[in-house]
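Undergrad: Can you read through this structure? Questions will come right after.
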Amino acid sequence: EDPELNINHPYYDVARHGIIQLAGDDNSGRKVITFSCCRMPPSHQLNHTRLLEYLKYTLDQYVENDYTVVYFHYGLKSLNKPSLKWLQTAYKEFDRKYVSKIFVLPSMIFRSLLTISFSFPRYKKNLKALYVVHPTNFIKILWNIFKPLISHKFGKKITYLNYLSDLREHLKYDQLNIPQEVIRHDENLRGKQKGKLPPVVKVPPPRPPLPTQQFGVSLQYIKDKNKGELIPPVMKETVSYLKKKGLQVEGLFRRSASIQTIKDVQKLYNQGKSVNFDDYHDIHIPAVILKTFLRELPQPLLTFECYDHILGITSVESSLRVTRCKQIIQGLPEHNYVVLKYLICFLHMVSQESIYNRMTASSLACVFGLNLIRPSKGTASLSALVPLNLFTELLIDFYMNIFNSRTVPGE
């Protein structure tokens, strides 16, 4: 059970099983949500209507942004499989316009994910990838039979992966909290195929960073290599460009961009070469680059030390939360404080244009929360999102109040 899960959580009865979890970001910076069938208890111990509501509740936190779902099929058995009556009841809640009766078949949890996507366009629109891990032959056959009846665009989002190692191509594998049962099942499958477990792949040692490196190195490293400049060049250039041309763009920071383009831009920055964002004709590229820079810092901007303090923000009385935010921020190292202040000042500006860009402080917090703070080990759980996002929202909303009393030399 998640130690950060509060018993007062609206879906505590379902969430405590860990069936649905947040698992960091994929290679495009999109939030990843996992669904593990093996964590479903026997049917008589789980209210499947509540499970479906909890899935929708979880997705509601991300559907305004691009997101990815990983579905671990192993472990779905007759003992824990939802009943046909439950599925029929679920269908009645959804708009029949989007639901096809062909899915009234076995493998019900997989269908529930598709049901939500078909029934609510807002879930389907920003779902960029659905990875089905360890699919049965029956699922594959069904998909091939009924694929013509499903929109080609949505069909392209579904990928079948026979082995866990296939996930590495698409996701940050180490961030995934994969159940041990699924790992053992994967090892058995590989053992049956090759007669033995696959050999351990030797990973070459990491190369030392370039003198001009911007991504994946510390703020101190960038400062030392840039004549003592406190604000990293990549931050300064992306923020400057977005201030000029992106403040009123609807959905700024919500959209992803071409993986290859992002890698190309990162390479240019790391090699110390100039980047002209006008050449790419896509305002979301500098936005993604900014998020990627923050996400790839070895230590998050708000530091690992602040993580537990930030989690406690929800236990602070509402009228005292801004003061508590200020106290936590005052404890940051000077360099982190300056960079954070620079970023939050910009995000405050973005939120002031929310009538045009639809990006309120709350929306921006959902995007940037986990890019600013994360635990030192593993990934933040779903239950940790509320305090992390609330803290970020308060920083943006009350920027002038929180950052008005500390001045750093060279700022």
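Numbering-wise, this note's numbering puts 6 at position 11 of the sequence shown, and it's gapless, one number per residue.
By construction, the Cβ of each residue, glycine as well, lies at the ideal position given by its N, Cα and C atoms.
Please read all numbers here as calculations on a predicted model, not as lab measurements.
1. Between tyrosine 158 and aspartate 181, what straight-line distance do the alpha-carbon atoms span, to the nearest angstrom?
2. Ends of the beta strand (DSSP E) at aspartate 20?
3. What residue does the alpha helix (DSSP H) around isoleucine 324 start on, and which one ends it?
4. Considering only the beta carbon of each residue, do leucine 368 and tyrosine 302 sit closer than 7 angstroms?
5. Going along the chain, which residues of its own chain have a beta-carbon closer than 7 angstroms to the beta-carbon of valine 260, five neighbours each way excluded?
6. Report yes if the CB atom of phenylalanine 67 is closer than 7 angstroms to the CB atom of valine 128, and no otherwise.
7. When burial is assigned at 16 or more other CB atoms within 10 Å of the CB, is glutamate 388 buried or exposed?
8. Determine the direct distance from the alpha carbon of arginine 185 to that of glycine 307, and round the result to whole angstroms.
9. Taking C-beta to C-beta, are arginine 25 and serine 251 nearer than 7 angstroms?
10. With H, G and I counted as helix, E and B as strand and the rest as coil, what does DSSP make of phenylalanine 30?
11. With a threshold of 8 angstroms, are at least 3 pairs of Cβ atoms found where one atom belongs to the region 20 to 35 and the other to the region 166 to 179?
12. Which first and last residues belong to the alpha helix (DSSP H) in which valine 212 is found?
13. Would you call threonine 374 buried or exposed, if buried means 16 or more other Cβ atoms sit within 10 Å of its Cβ?
14. Need the endpoints of the alpha helix (DSSP H) that isoleucine 408 sits in, please.
15. Any chance the region 203 to 221 sits against the region 317 to 324, with 3 or more Cβ pairs inside 8 angstroms?
16. Quick check on tyrosine 302: does DSSP put it in helix, strand or coil?
17. Could you please give the first and the last residue of the uninterrupted alpha helix (DSSP H) stretch that includes tyrosine 62?
18. Give me the Cβ distance between valine 334 and isoleucine 226, rounded to the nearest whole Å; I'm assuming they're in contact under 8 angstroms.
19. Indicate whether the contact test is met: 3 or more Cβ pairs, each with one atom in the region 232 to 245 and one in the region 340 to 357, closer than 8 angstroms.
20. By Cβ distance below 8 angstroms, which residues in the same chain neighbour serine 371 in space, the five residues on each side in sequence not counted?
21. What residues match up with isoleucine 153 in a beta bridge as DSSP calls it?
22. Between which two residues does the alpha helix (DSSP H) containing asparagine 366 stretch?
23. Please confirm whether leucine 306 has its beta-carbon closer than 7 angstroms to some beta-carbon of chain C.
24. When burial is assigned at 16 or more other CB atoms within 10 Å of the CB, is methionine 103 buried or exposed?
25. Using the rule of at least 16 other Cβ atoms within 10 Å of the residue's Cβ for burial, across every protein chain shown, is glycine 150 buried or exposed?
26. Can you say whether glutamine 266 is buried or exposed, counting buried as having 16 or more other CB atoms within 10 angstroms of its CB?
27. When the distance is taken between beta carbons, is isoleucine 305 closer than 7 angstroms to phenylalanine 386?
28. What do you reckon, are the CB atoms on asparagine 75 and serine 31 nearer than 7 angstroms?
29. Please identify the residue among Gln56, Leu171 and Ser160 whose C-alpha is closest to the C-alpha of asparagine 121.
30. Please report the distance separating the alpha-carbon of leucine 41 from that of tyrosine 6.
31. Look up leucine 50 in the DSSP assignment and say whether it is helix, strand or coil.
32. Given this structure, state the Cα-to-Cα distance separating glycine 326 from proline 295, to the nearest angstrom.
33. If you follow the alpha helix (DSSP H) that alanine 282 is part of, which residue opens it and which one closes it?
34. In the structure shown, what three-state DSSP assignment does leucine 166 receive?
35. Measure the C-alpha to C-alpha separation of lysine 123 and lysine 152 and round it to an integer number of angstroms.
TA: If we stick to the structure as given:
1. The alpha-carbon of tyrosine 158 is positioned some 6 angstroms away from that of aspartate 181.
2. Run containing aspartate 20: 15 to 20, per the beta strand (DSSP E) assignment.
3. Note, isoleucine 324: alpha helix (DSSP H), 316 to 325.
4. It should be pointed out that residue 368 corresponds to isoleucine in this sequence rather than to leucine. Contact flag set, yes.
5. Contacts found: Val270, Ile280 and Ile284.
6. Contact flag set, yes.
7. Here glutamate 388 is buried. Its C-beta has 16 or more other C-beta atoms within 10 Å.
8. Using only the alpha carbons, I get a separation of about 44 angstroms.
9. Result yes, Cβ atoms of arginine 25 and serine 251 sit closer than 7 angstroms.
10. If DSSP states are grouped into helix, strand and coil, phenylalanine 30 belongs with the strands.
11. Touching, yes, given that three or more Cβ pairs across the two stretches are closer than 8 angstroms.
12. It is not in any alpha helix (DSSP H) - valine 212 carries neither H nor E in the DSSP assignment.
13. Classification for threonine 374: buried.
14. Any property of residue 408 remains undetermined from this structure, which presents the chain solely from -4 to 406.
15. No, the region 203 to 221 is not in contact with the region 317 to 324.
16. Three-state DSSP puts tyrosine 302 in a helix.
17. Not the alpha helix (DSSP H): tyrosine 62 falls in the beta strand (DSSP E), residues 62 to 67.
18. About 6 angstroms separates the two Cβ atoms, so the contact holds.
19. Yes, the region 232 to 245 touches the region 340 to 357.
20. Here the set comprises Phe299 and Tyr302.
21. As a beta-bridge residue in DSSP terms, isoleucine 153 pairs with Leu125.
22. Here the alpha helix (DSSP H) through asparagine 366 covers 356 to 367.
23. Given the protein chain composition of this structure (a single chain), no chain C is represented.
24. With a pLDDT of 46 at methionine 103, under the threshold of 50, the modelled position of this residue cannot be trusted; read the value that follows with caution. Its Cβ being crowded by 16 or more others within 10 Å, methionine 103 is buried.
25. When all chains shown are included, glycine 150 counts as exposed.
26. With fewer than 16 other Cβ atoms within 10 Å, it is exposed.
27. Yes. Within cutoff.
28. Cβ distance not < 7 angstroms, so asparagine 75 and serine 31 don't count as in contact.
29. For asparagine 121, the closest of Gln56, Leu171 and Ser160 by C-alpha to C-alpha distance is Gln56.
30. In a straight line, the C-alpha of leucine 41 is about 12 angstroms away from that of tyrosine 6.
31. In the structure shown, leucine 50 sits in a helix (DSSP, three-state: H, G or I).
32. Their Cα atoms are separated by approximately 14 angstroms.
33. Counting along the chain, the alpha helix (DSSP H) containing alanine 282 begins and ends at 279 to 290.
34. The answer is strand: DSSP assigns leucine 166 an E or B state.
35. Those two C-alpha atoms are separated by around 6 angstroms.
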